[in-house]
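Visitor: Remember, this note's numbering sits 364 above the position in the sequence shown when you count from 1.
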Amino acid sequence: MPFGCLALRDGRNLDDISDVTDKYEIGQVLKASSSTLQLRAPPLSINQTRKEFCELCMAKDRQTNKVFVCKKFLKKDGRKVRKAAKNEILILKMVNHPNILQLIDTFETRKEYFIIQEL
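1) Identify, in the order they occur along the chain, each residue of the same chain with its Cβ nearer than 7 Å to the Cβ of R426, setting aside the five sequence neighbours on each side.
2) Is E482 buried or exposed, if buried means 16 or more other CB atoms sit within 10 Å of its CB?
3) So, F417 versus Y477, is the Cβ gap smaller than 7 Å?
4) Going by the CB atoms, is the gap between E472 and L378 shorter than 7 Å?
5) Go to V445, then tell me how far its alpha helix (DSSP H) extends in each direction, as first and last residue.
6) Find the nearest neighbour of L394 within the set D383, L465, E419, I381, judged by alpha-carbon distance.
7) Using CA coordinates, which residue listed in V459, G391, G442, R446 is at the minimum distance from K424?
8) Mapping the DSSP letters down to three states, classify V384 as helix, strand or coil.
9) Return the CA-CA distance between I464 and T428, expressed in angstroms with no decimal places.
10) Grab me the residues of K430's own chain with a C-beta within less than 8 Å of its C-beta, minus the 5 sequence neighbours each way, in chain order.
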């Protein structure tokens, strides 16, 4: 179930990780290099030397077979990460522009936030 009624849940009515994996097949991690994106596995934080906020993964919709980008924010990484995830979700819900990747779906589990965006 996506955030839809976004009061950002405060620990209530959280999604289960199976809600994400039932709808999307989470695949390889995308790692940004200087000018291109490279596929890497197993999941790693992007640029581990400079602690980044999230992991980027490929996500394929199980019903339509469309491929998306999945941003995974770990809540255990602290308040800054949780705030960044919430802010990004709120902003993406308000923005509709051809040069900005559109928000497709969002999930909040006990341990993570998942943001699904077009590729």
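Quick reminder that beta carbons are idealized off the backbone N, C-alpha and C, glycines included. The model shown is predicted, which means the values in this text are computed figures rather than measured ones.
Guide: According to the structure data:
1) So the qualifying residues of the chain are K387, Y388, E389.
2) The residue is exposed, with fewer than 16 neighbouring Cβ atoms inside 10 Å.
3) Between F417 and Y477, the C-beta gap is not smaller than 7 Å, which leaves the two residues out of contact.
4) The criterion of a C-beta distance shorter than 7 Å is satisfied by L378 and E472.
5) Per DSSP, V445 belongs to the alpha helix (DSSP H) from 443 to 458.
6) With distances taken between Cα atoms, L394 lies closest to E419.
7) Among V459, G391, G442, R446, the Cα nearest to that of K424 is on G391.
8) Three-state result, V384: helix.
9) In a straight line, the C-alpha of I464 is about 22 Å away from that of T428.
10) The residues are K424.
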